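What follows is one structure encoded as structure tokens, with my remarks underneath.
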Amino acid sequence: MDDLHATALYDLHVSLGAKMVPFAGYSMPVQYPLGVMKEHLHCRAAAGLFDVSHMGQVILSGESWETVALAFEALVPMDVLGLEDGRQRYGFFTNDAGGIEDDLMFARRGDDLFVVVNAACKEADITRMRGALEPKVSVTELADRALIALQGPQAVDVVAAMDVRAAEMRFMDIADLELGGVAVWASRSGYTGEDGFEISVAGNDAVALAEALLAHDAVEAIGLGARDSLRLEAGLCLYGNDIDAGTTPVEGALNWAIQKVRRSGGTREGGFPGAQVILDQLSAGAARKRVGLRPEGRAPMREGVAVFDAAEGGQEVGVVTSGGFGPSVGGPVAMGTVKTAASDVGTALWGEVRGKRLPLTVAKLPFVAANFKR
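Counting from 291, one number per residue, gives the positions in the sequence shown under this note's numbering.
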């Protein structure tokens, strides 16, 4: 445990009775005394506070927005240049085989690009950006900033009580706010399927901000356990499970994240790693794809369970990539990658658990409807 990093909120987690576990090189709270199930349901009903400070925060700067945006477009298949000031977008780095090296969020702040990457990929991502972008575009890791997410239907009431401007923000807006006397960068986004905010704050202000948010009756601290079940119900990918360097965006069912200008016939077609593979799959399809899965009964099917097209014999057609119990759904939910021929909603499949095949059905994603502020 001694070699693990601690976030700015570590002592607060401990004081709140959190169970701390190693995660992506950090000591992180997996749950609090409330317990994973109640934490999950509280976030769906009111507001949950998450520490996501282990994620990487980076600012890209250059002589103009066009310089920064076009340079970043050489690494991702997204429309960066067309991003309006104060807006955020989901994206991913790709490799020469069309695989996803990491998924990320990026936002325009004036002529700068604010990028948030996954903790486990942080060092590789920063190295990738520095190698590809510098010296034309400077890459600055914001290691002195914390990142807090407040998620749930009452999150906007809590934040707007501290800064009324928050109520006017739309899904994927990003703005400078002042919360309890603390200057922050807040985006109206998150990874739970609920309305809410992700708040970047100076590390030395993080505890004061977290305590101010937790002082509201609607807010409870939420750990990694409930964060995982919330994002799974919302049909959102976990990097390293549902998508990875061997999974293309089309196989990951992330076609929606690639804007028309970067596709075949678009004004800035291709120009990113693995473009030909990805563009060909966008037009012709891929041999496999990510789908939702609903196991029958009450027992979850976890990551790594092999999926077959028959109760006995038949073919192995895929694998479960994420699985668990969905508290809001009231039963087990999963995502997996299966052969496209077996990917239609309603298709009957079987997962092999300890040598026994159990039925499951391809289901529409998300399992719980998104509650974003449009």
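Glycine residues also receive a C-beta, built at the ideal position from the N, C-alpha and C atoms. Nothing here was measured: the structure is a model prediction, and the numbers come from that model.
At a Cβ-Cβ threshold of 7 Å, Gln-444 and Ala-508 count as neighbours. Residue state for Tyr-300 is assigned as helix, using DSSP reduced to three classes.
Taken through DSSP and simplified to helix, strand or coil, His-295 comes out as strand.
Judged by DSSP secondary structure, Met-459 falls outside any alpha helix (DSSP H); it is assigned neither H nor E. Cβ contact annotation for Ala-450 (same chain, cutoff 7 Å, sequence separation greater than five): Ala-456 and Ala-457, in chain order.
Leu-394 is a Cβ neighbour of Gly-381, given a cutoff of 7 Å. Shown here for Ala-361: same chain residues with a beta carbon closer than 8 Å to its own, the five before and five after excluded, namely Leu-350, Gly-352, Ala-422, Leu-423, Lys-426 and Val-427 in chain order.
The shortest CA-to-CA distance from Ala-500 to any of Ile-438, Asp-518, Gly-480 and Val-551 is the one to Ile-438. Per DSSP, the continuous beta strand (DSSP E) segment holding Ser-490 begins and ends at 486-492.
One Cα belongs to Met-452, the other to Val-474, and the distance between them is close to 12 Å.
DSSP lists Gly-616 as the bridge partner or partners of Gly-621.
Exclusion of the five residues before and after Arg-420 leaves Val-429 as the residues of its chain whose Cβ lies within less than 7 Å of its Cβ.
Under a 10 Å Cβ-count criterion, Arg-588 is classified as exposed, with fewer than 16 other Cβ atoms of the shown protein chains found around its own Cβ.
The beta-bridge partner set that DSSP reports for Val-407 consists of Gly-346 and Leu-394. Val-497 and Ala-298 have their C-alpha atoms some 7 Å from each other. Nearest in C-alpha terms to Leu-583, of all of Arg-379, Pro-622 and Val-320, is Pro-622. With contact defined as three or more Cβ pairs closer than 8 Å, the segment 635-643 and the segment 594-603 are in contact. Taking a cut-off of 8 Å on C-beta distances, the segment 332-348 touches the segment 484-498, as three or more cross pairs fall below it. If you check the CB distance, Val-619 and Glu-593 do not come in under 7 Å. Rounded to whole angstroms, Trp-546 and Asp-392 show a C-alpha spacing of 17 Å.
Inter-residue distance for Arg-521 and Cys-527 is about 8 Å (C-alpha atoms, whole angstroms).
Each residue's CA atom was taken as its position, placing Asp-402 and Ala-516 some 33 Å apart. In the DSSP assignment, Asp-518 falls within the alpha helix (DSSP H) that extends over 514-523.
In the DSSP assignment, Gln-378 is bridged to Ala-397.
Between Lys-309 and Val-326, the C-beta spacing is not below 7 Å. Closest by C-alpha distance to Thr-384, out of Gly-616, Pro-585, Met-625 and Ile-568, is Ile-568.
By alpha-carbon distance to Ile-533, the top candidate from Met-318, Gly-556 and Lys-579 is Lys-579.
Straight across, the Cα-Cα distance linking Lys-412 with Gly-603 is about 43 Å. Nearest to Thr-630 by C-alpha distance, out of Met-345, Val-595, Ala-574 and Ile-416, is Ala-574.
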